[in-house]
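Number of protein chains: 2
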Amino acid sequence: MSERSYHLKELARECRKASSIVAQLSTTEKNKLLQTMAKVLLDQKQDIIDANTRDLSKARGNGLSDAMIDRLVLNTPRIEKMATALQEIAELPDPVGEITKTWYRPNGLQVSYQRIPLGVIAMIYESRPNVTSDAAGLCLKSGNAVYLRGGSEAFSSNQAIADALHHALESHRLPPGAITLVPTTDREAILEMLHLTDLIDVVIPRGGEGLIRFVNENSRIPVIKHYKGVCHQFVDASADVDMAIDLLIDGKCSRPGVCNALETILVHSQIADTFLTKAAPILDHHGVTLKGCQRTMRILESIQPANEDDFFAEYLSLTLSIKIVDSLDQAVAHIAEYGSDHTEVIVTQDYANAREFLRRVNSSVVLVNASSRFSDGGELGLGAEIGISTTKLHAFGPMGLQALTTKKFVVQGDGQVRHPL
Amino acid sequence: MSERSYHLKELARECRKASSIVAQLSTTEKNKLLQTMAKVLLDQKQDIIDANTRDLSKARGNGLSDAMIDRLVLNTPRIEKMATALQEIAELPDPVGEITKTWYRPNGLQVSYQRIPLGVIAMIYESRPNVTSDAAGLCLKSGNAVYLRGGSEAFSSNQAIADALHHALESHRLPPGAITLVPTTDREAILEMLHLTDLIDVVIPRGGEGLIRFVNENSRIPVIKHYKGVCHQFVDASADVDMAIDLLIDGKCSRPGVCNALETILVHSQIADTFLTKAAPILDHHGVTLKGCQRTMRILESIQPANEDDFFAEYLSLTLSIKIVDSLDQAVAHIAEYGSDHTEVIVTQDYANAREFLRRVNSSVVLVNASSRFSDGGELGLGAEIGISTTKLHAFGPMGLQALTTKKFVVQGDGQVRHPL
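Pasting the structure below:
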């Protein structure tokens, strides 16, 4: 075993030990800790900005793209936002200890489900350094310890944030292991982390599809992940055309680079002419490039053809595919074939079709007459989001604090035995 | 790609296709199907017994142990029990479609969690052929298709059971893929299954620790598993001695070979003398071999010493380790160090200690004054059990029909957009 691998394991062991202390903190203790964490981020703002400056000059030297640099930058407003996020997490209800259901058995046993922390949560993430404090806040509030492995570009920034947070832990007499930042950033280190099955309970990767696939391929620890969002909006024959256009513009244009943005619009043939001729100039005004099926091209003659690959694509840009369908059945079948189980919208005034779409489409978020952009932990009312899952095990869709807990059975009796002698 | 691997993938593809049909069945349709499945098992009883006879004669030829042979045997009472199990599953409430929570957002959006099937559930199991029909019943009732890979010893029996169940599917015009039995039994076939990430949603291995570790090491698909049960009973200073003895005898002796049987009893030093001198002859009468810590051996002089390995052991036999502790704290620490997160009991008359044990012990089932043997899906009121999970992701503890579902977000609006223009 290499020295480094010993080190990673030793760090995970300290994190695990800390997790059993964090699991027992009261809600008040956790909330005070989060407030202190917010305070030290502001107190040590200059150290964090200095560290970030070092990361940025390295990144520029390595020729990182402007988009990557932008994700990396920490300045006063961004650090204030990180602090505010921690304060907001402090104000969320504590999921730990919640009894979600209680029932009695015929023999008098009282059985309950009760939420408990997961234990140690490993986050593997790329350039954005704010994930360091966001993840620490969410994991601690839900009674877990966190084992963080950030990206190499943000190495110094993450270290400075972790240093600040360790001051907060120290002032509450909590072990530094509760927020563990792994000091190595190569993929070999990830590989080693992914085999610490006795010490880490779940791995949440956040970043590009390459990183997420690497984690999923190599992990022996359960992984919660999401690859991509190919989100659809179906404009039913009975749709309110203006509403359908508003929802389309919001879904496609308000932030095209995120996973809950629309990629494909499915239009019922009975309304296609009216809807498309009215929507096209508005989309054009917003700079959207349209690609359509053969039937769409008969209505909008100047647009590009959409091929099979287009319907599978997550454009992450202002491109939209259009397909005309003859029924709700065909829309549902298209989503089942090309979708990514992320988020789907129906725009309709028809009661039966709204019900049928909600019943038959089993993506993580299914909406009637609302924008796909609401598929987000904050917008749905989960308070804050640790990530989003498009695999169905444990959590499906946006994940808030509850997704960082599990449930145990609590059984209270008066001496009941199963096989009376 | 070998011909077989193509075959396995093709079968999984058929199973996946069937899963989207099964997911849409109404509760009535599913219940009728399960009733028919029960009926055909009885109708084709003789074919199943004949197939089982072939397996048994092979097993005897291969020198299988009596215990293994016993698990393999199918006779009229056992087939009737399988049919009854299917009828009982038909009578359980349908988890699919259940809205577990609904709330409104300030903008008027109505958000709900709704249960949906997982999709395709793969079961990998060893000798007991009844798992074939039990798993099929539970998976279909929860709206899933099932991909079964049974043990080589039960090859013909499993095939005969699957044939019967396919008759039931056919008579309800459902595709045979809904219950897929993989016709190969070697480990290579398991390896190939475990890489079908796009076709299978979850893998549940049932059998020896070797099989379960193999599945967990090699799966790219999420796995729900449990390795072993090292269950504890803590006899607190305030315990009712007779109750503690009744619970111990039930927990240890009613079925020592199962995972919810007790392995270690922790006794508070203030009650140790009274409890142990009263319990020892009763345990002896039940044929239990005792192993104790140094302090126990001062009270029960004739017993064997318990070493470190004993406290980690899942005996699966009539052996019990005993340790004397000085406090609830020490009991909780012992469980954290040696336990398997399965099931723990406290026997106490003290209100504060009962609460503290329930709060601090985060095993999957924690009981006050009740036998560890209640840690079972049927006994806790889940209706039927597909397995038990000692990992915390998705499910923790006994798993019933609900554990075979996930939840989607259902959002209903009136045209809400996230960023009004």
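Quick mapping for you: the protein sequence lines, in order, are chains A and B.
Residue numbers for the first sequence follow the numbering used here, so the first one is -19 and each next one is one higher.
Residue numbers for the second sequence follow the numbering used here, so the first one is -19 and each next one is one higher.
Think of the CB as a built atom: it goes at the ideal place given N, C-alpha and C, for glycine as much as any other residue.
Nearest Cα to S355(B) within the set G88(A), V345(A), R129(A), V391(A): V391(A).
DSSP places P57(B) inside the alpha helix (DSSP H), whose first and last residues are 56 to 71.
At a cut-off of 8 Å between beta carbons, Q382(A) makes no contact with chain B. In summary, I79(B) is exposed, with fewer than 16 beta-carbon neighbours lying within 10 Å of its beta-carbon over all protein chains present. Ranked by Cα distance from V210(B), the first of D230(B), F194(B), T16(B), L242(B) is L242(B).
Not a single C-beta of chain A is nearer than 8 Å to the C-beta of E68(B). Under the Cβ criterion of 8 Å, E71(B) is not counted among the residues facing chain A. For R34(A), the enclosing alpha helix (DSSP H) has its first and last residue at 25 to 41.
Between the region 104 to 112 of chain B and the region -1 to 15 of chain B, the count of C-beta pairs closer than 8 Å stays below three; the two stretches do not touch.
Counting of Cβ neighbours within 10 angstroms places N42(A) among the exposed residues, the total staying below 16. Judged by DSSP secondary structure, C211(B) falls within the beta strand (DSSP E) whose first and last residues are 211 to 215.
Pairwise C-beta distances place the region 94 to 109 of chain A in contact with the region 186 to 204 of chain A, as three or more of them are shorter than 8 Å. A distance below 6 Å between beta-carbons, with the five flanking residues on each side excluded, links S218(B) to the following residues of its chain, in chain order: T328, Q329, D330.
Sequence-distant partners of N32(B) (beyond 5 residues in either direction) whose C-beta falls short of 6 Å from its own C-beta, in its chain, are L54, S137. In the structure shown, the three-state DSSP call for V238(A) is coil. Nearest neighbour of T386(A) by Cα position, chosen from M48(A), L21(A), S282(A), C119(A), turns out to be C119(A).
Counting along the chain, the unbroken alpha helix (DSSP H) around Q250(B) starts and ends at 249 to 265. Non-local beta-carbon contacts of R(-7)(A) in its own chain, meaning distances under 7 Å to residues more than five positions away in sequence, involve L179 in chain order. Of all alpha-carbon atoms in Y84(B), D74(B), R85(B), the one lying nearest the alpha-carbon of P97(B) is that of D74(B).
Note on geometry: alpha-carbon atoms of R58(A) and R129(A) lie some 21 Å from one another.
Under the three-state reduction of DSSP, F194(B) is assigned to helix.
Looking at the DSSP output, F292(B) sits in no beta bridge, so it has no partner there. In terms of CA proximity to G361(B), Q382(B) leads the group K372(B), T16(B), Q382(B), S343(B). The alpha-carbon separation between T299(B) and A115(B) amounts to approximately 32 Å. The beta-bridge partner set that DSSP reports for S92(A) consists of T82(A), V390(A). Per DSSP, reduced to three states, the secondary structure at Q382(B) is helical. At a Cβ-Cβ threshold of 8 Å, D321(A) and S343(A) count as neighbours. Taking a cut-off of 8 Å for Cβ pairs, the region 181 to 188 of chain B and the region 289 to 297 of chain B do not touch, as fewer than three such pairs fall below it.
Within chain A, the residues K388, F389, V390, V391 have their CB atoms less than 8 Å from the CB of V346(B), given in chain order. For F337(A), the closest of H314(A), S151(A), Q90(A), V91(A) by C-alpha to C-alpha distance is H314(A). Annotation: the continuous beta strand (DSSP E) that includes T323(A) extends over 323 to 327. Taking M62(A) as the centre and dropping the five residues before and after it, the same chain places the C-beta of L21, N110, S113 closer than 6 Å to its C-beta, in chain order.
By the criterion of a C-beta distance shorter than 8 Å, I229(B) is surrounded in its chain by I262, L263, H266, once the five residues flanking it on both sides are discounted. The residue from I159(A), Y93(A), K205(A), Y84(A) with its alpha-carbon nearest to that of K121(A) is I159(A). Proximity to Y93(B) across D394(A), P400(A), M379(A) peaks at M379(A), based on C-alpha coordinates. In the same chain as H175(A), and ignoring 5 residues on each side of it, the C-beta atoms closer than 6 Å to its own belong to R200, in chain order.
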